[in-house]
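As structure tokens, the structure follows; a few thoughts come after it.
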Amino acid sequence: MVKQRLRHLLARRDLLRVGLGGVVGLTGTALVRPTAQGQTEGFSSEHETIEHQAHGGNLMVGEVNHANNGFDPMQLLVDWDYGRVSILPDGRTVREYEIVAYDREIEIAPGIFFPAWTYNGKVPGPTIRCTEGDLIRIHFVNAGSHPHTLHFHGFHTAEMDGIPGVGAGEIAPGQEFTYEFEAAPFGCHLYHCHAIPLKRHLHKGLYGAFIVDPKAGRPPAREFVMVMNAFDTNFDGDNEIYSVNTVGFEYARRPIPMKANELTRIYLINVTEFDPINSLHLHATFFDYYDHGTTLEPTQRVVDTIMQCQAQRGILEFTHRSPGTYMFHAHQAEFTELGWMGMFHVTTELDFPAALAAAGVDAEWDRKSTQGSTIVAAEGSAA
Ligand SMILES: [Cu+2]
0 MVKQRLRHLL ARRDLLRVGL GGVVGLTGTA LVRPTAQGQT EGFSSEHETI EHQAHGGNLM
60 VGEVNHANNG FDPMQLLVDW DYGRVSILPD GRTVREYEIV AYDREIEIAP GIFFPAWTYN
120 GKVPGPTIRC TEGDLIRIHF VNAGSHPHTL HFHGFHTAEM DGIPGVGAGE IAPGQEFTYE
180 FEAAPFGCHL YHCHAIPLKR HLHKGLYGAF IVDPKAGRPP AREFVMVMNA FDTNFDGDNE
240 IYSVNTVGFE YARRPIPMKA NELTRIYLIN VTEFDPINSL HLHATFFDYY DHGTTLEPTQ
300 RVVDTIMQCQ AQRGILEFTH RSPGTYMFHA HQAEFTELGW MGMFHVTTEL DFPAALAAAG
360 VDAEWDRKST QGSTIVAAEG SAA
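If you're matching positions, the sequence shown starts at 0 in numbering that gives the first Met the number 0 and goes up one per residue.
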């Protein structure tokens with residue numbers, strides 16, 4: 000049984016190697032030590048053993064062209080979308096969003112392309128952020144090639160549930176619909192397409208984070224959103240690339256800057272298809288966990304690993320005590336080695352600007368990262 004599983008794993012690795020070296024390797028990237036045998040035979044599992052060397056345990060070399068993709072995973076970490084804000088006569092805040100679904104090929108690992116279906120051209124789609132009680136209006140346009148919907152996790156009427164056959168149901172290509180509901184309960188939620196076949200519509204990339212802040216806010220912290228996802232690049236019902244925020248090993252190539260002894264909060268969401276469970280493990284520290292983010296008190300304290308079933312999510316809070324580079328990853332080692340591994344670059348105050356520069360981000364990124372919940376509150380009351 001174990002041997003069979005190992006053979007299966009190796010076959011999937013070889014498949015990656017074939018894809019890189021043989022088909023799309025023209026972009027000049029390749030896995031570590033691609034072999035002629037691997038490129039031509041591919042599916043044979045006898046000739047390779049798991050490789051441990053190179054690139055900080057990172058099994059891919061080369062870089063993804065983020066400009067071409069139209070989104071950068073470093074920016075997705077802090078990509079809060081507060082919508083267009085207005086105030087109703089009764090004092091309630093209205094937040095209006097535009098979401099357009101369209102097909103787009105994206106690069107999910109160096110040299111590996113995936114024919115995605117996207118919300119607003121990126122995977123995951125925009126992170127919808129608001130405060131509990133806000134009235135949310137989402138103008139949805141389907142500019143894709145298949146019928147899609149927007150299904151939010153949260154309280155709303157049946158008509159706004161975004162499932163086939165109820166309310167507007169599936170929105171056909173070229174059609175549009177406006178979803179409207181009050182944001183509740185506060186928490187770390189998600190939205191996704193609910194057209195059928197559901198599994199395919201989800202894994203093609205139609206999902207995003209939906210963060211509802213409690214009215215009183217949460218304590219100041221450095222905040223990131225991480226959507227655990229995976230890609231079946233050959234459509235065999237099994238994933239070849241795993242990641243958070245789409246691009247495999249991106250945060251290993253560009254460690255995420257943070258400061259020592261600074262409270263860090265991660266909004267973690269699992270949208271992985273085909274594998275029932277995903278997980279996150281932090282090195283060298285422990286975290287408090289808020290299941291679904293729907294409570295102000297942790298539901299688990301002092302843990303260093305959390306698992307999430309499909310569509311499960313929660314909030315992690317932790318600090319790193321000493322400067323250094325610290326790994327985080329799925330603790331399913333297979334996922335780790337196929338892309339779901341990253342690093343935090345923890346620095347002193349003095350060294351922090353250099354860490355920002357090394358990660359290719361700026362002061363504005365730092366502002367979004369540290370002011371996420373403050374901005375949402377300020378925009379609501381200022382408008
Ligand atoms: Cu869909």
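Where a beta carbon is used, it is the ideal one built from N, C-alpha and C, also for glycine.
The structure presented is a predicted model; accordingly, all values stated were derived computationally and were not measured.
**OP:** Would you grab the beta carbon distance between M257 and H319 for me? Rounded to a whole angstrom, and I think it's under 8 angstroms.
**Re:** About 7 angstroms; that satisfies the 8 angstroms criterion.
Original post:
Taking 7 angstroms as the cut-off, is the CB of L149 close to at least one heavy atom of ligand 1?
Top reply: Proximity of the beta carbon of L149 to ligand 1 is not indicated: no heavy atom of the ligand is located closer than 7 angstroms.
Original post:
What does a CB cutoff of less than 6 angstroms around D290 pick up in its chain, not counting 5 residues either side in sequence?
Top reply: Closer than 6 angstroms at Cβ, skipping near neighbours: T298, G313.
**OP:** Apply the 10 Å Cβ neighbour rule to G164 and answer buried if 16 or more other Cβ atoms are within range, or exposed otherwise.
**Re:** Looking at its Cβ environment, which holds fewer than 16 other Cβ atoms inside 10 Å, G164 is exposed.
Subject >> Helix, strand or coil at T324 [DSSP, three-state] >> reply: Under the three-state reduction of DSSP, T324 is assigned to strand.
Subject >> Terminal residues of the alpha helix (DSSP H) in which Y250 lies >> reply: Residues 249-252.
Original post:
Which residues in the same chain as R83 place their Cβ atom closer than 6 angstroms to its Cβ, once the five residues preceding and following it in sequence are excluded?
Top reply: Around R83, the same chain offers E95 as residues with beta carbons nearer than 6 angstroms, after the five sequence neighbours per side are excluded.
Subject >> Buried or exposed (CB count within 10 angstroms, at least 16 for buried), S368 >> reply: So S368 counts as buried.
**OP:** Tell me the start and end of each unbroken beta strand (DSSP E) in the segment 213-300 that is at least 3 residues and wholly inside, in chain order.
**Re:** Taken in chain order, the complete beta strand (DSSP E) segments of 3 residues or longer contained in the segment 213-300 are 221-230, 240-243, 255-258, 263-269, 276-281, 286-290.
Original post:
Alpha carbon to alpha carbon, how far is R91 from L205?
Top reply: Computed Cα separation, rounded: 29 angstroms.
Original post:
Whole-angstrom Cβ separation of A208 and I268, contact assumed at under 8 angstroms?
Top reply: Contact holds; Cβ gap of about 6 angstroms.
**OP:** Identify every run of the beta strand (DSSP E) within the segment 130-197, keeping only runs that are complete inside it and at least 3 residues long; order them along the chain.
**Re:** Here the runs fully enclosed are 134-141, 175-181, 186-191.
**OP:** Could you check if S372 is buried or exposed, using at least 16 other CB atoms within 10 Å of its CB as the buried criterion?
**Re:** So S372 counts as buried.
Subject >> T346: first and last residue of the uninterrupted beta strand (DSSP E) it sits in >> reply: Counting along the chain, the unbroken beta strand (DSSP E) around T346 starts and ends at 340-346.
Original post:
When you compare only the Cα positions, how much space is there between A100 and D235?
Top reply: Separation of A100 and D235 (C-alpha to C-alpha, rounded to the nearest whole angstrom) is 24 angstroms.
Original post:
Whose CA, out of H147, T271, A358, lies closest to the CA of A390?
Top reply: Because the chain spans 0 through 382 in this model, residue 390 falls outside it and cannot be assessed.
Original post:
Does the beta carbon of W339 fall short of 7 angstroms from some heavy atom of ligand 1?
Top reply: Closer than 7 angstroms to some heavy atom of ligand 1: that does not describe the Cβ of W339.
Original post:
From the DSSP output, which residues share a beta bridge with Q307?
Top reply: Partner(s): N277.
Subject >> Which of helix, strand or coil DSSP assigns to G371 >> reply: G371: helix per DSSP, three-state reduction.
Original post:
Is there at least one non-hydrogen atom of ligand 1 closer than 7 angstroms to the beta-carbon of L189?
Top reply: Placement of the Cβ of L189 at a distance of 7 angstroms or more from every heavy atom of ligand 1 is found.
**OP:** In angstroms with no decimal places, state the Cα-to-Cα distance between W364 and E169.
**Re:** Straight-line Cα distance between these residues: approximately 36 angstroms.
Original post:
Cβ of P384 within 8 angstroms of Cβ of L262?
Top reply: There is simply no residue 384 to check, as the chain begins at 0 and stops at 382 in what is shown.
Original post:
In angstroms, rounded to a whole number, what distance separates the CA positions of R366 and S85?
Top reply: Looking at the backbone, the Cα of R366 and that of S85 are separated by about 23 angstroms.
Original post:
So who's on the other strand from W364, going by DSSP bridges?
Top reply: According to DSSP, W364 shares a beta bridge with no other residue.
Subject >> 8 angstroms Cβ cutoff met for V243 and M225 >> reply: Their beta carbons are under 8 angstroms apart, which means V243 touches M225 by this criterion.
Original post:
Can the beta-carbon of F334 be found less than 8 angstroms from the beta-carbon of I265?
Top reply: Cβ atoms of F334 and I265: not closer than 8 angstroms.
Subject >> Exposed unless 16 or more other CB atoms sit within 10 angstroms - verdict on P125 >> reply: Of the other Cβ atoms in all chains shown, 16 or more fall within 10 Å of the Cβ of P125; this residue is therefore buried.
Subject >> Which of helix, strand or coil DSSP assigns to T453 >> reply: The chain is shown only over 0 to 382; residue 453 falls outside these bounds and no answer can be derived.
**OP:** Spell out a yes or no on whether the segment 247-256 and the segment 70-81 are touching, meaning 3 or more CB-CB pairs, one atom from each, closer than 8 angstroms.
**Re:** Per the Cβ contact rule, the segment 247-256 is in contact with the segment 70-81 (3 or more Cβ pairs under 8 angstroms).
**OP:** Name the two residues that bound the continuous beta strand (DSSP E) containing L315.
**Re:** Counting along the chain, the beta strand (DSSP E) containing L315 begins and ends at 312-317.
Subject >> CB-CB length for G449 against A182, believed under 8 angstroms >> reply: No answer is possible for residue 449: the residues shown for the chain start at 0 and end at 382.
**OP:** Given a cut-off of 8 angstroms, decide if S321 and T304 are closer than it, judged by their beta-carbon atoms.
**Re:** No, these two residues do not count as a Cβ contact at 8 angstroms.
**OP:** Please work out which residues of its chain come closer than 8 angstroms, Cβ to Cβ, to V77, disregarding the five sequence neighbours upstream and downstream, and give them in chain order.
**Re:** Hits under 8 angstroms: E222, F223, V224, W364, K367, S368, G371.
**OP:** Confirm the yes/no value for this check: CB of H202, any heavy atom of ligand 1, distance under 7 angstroms.
**Re:** Not under cutoff, so the answer is no.
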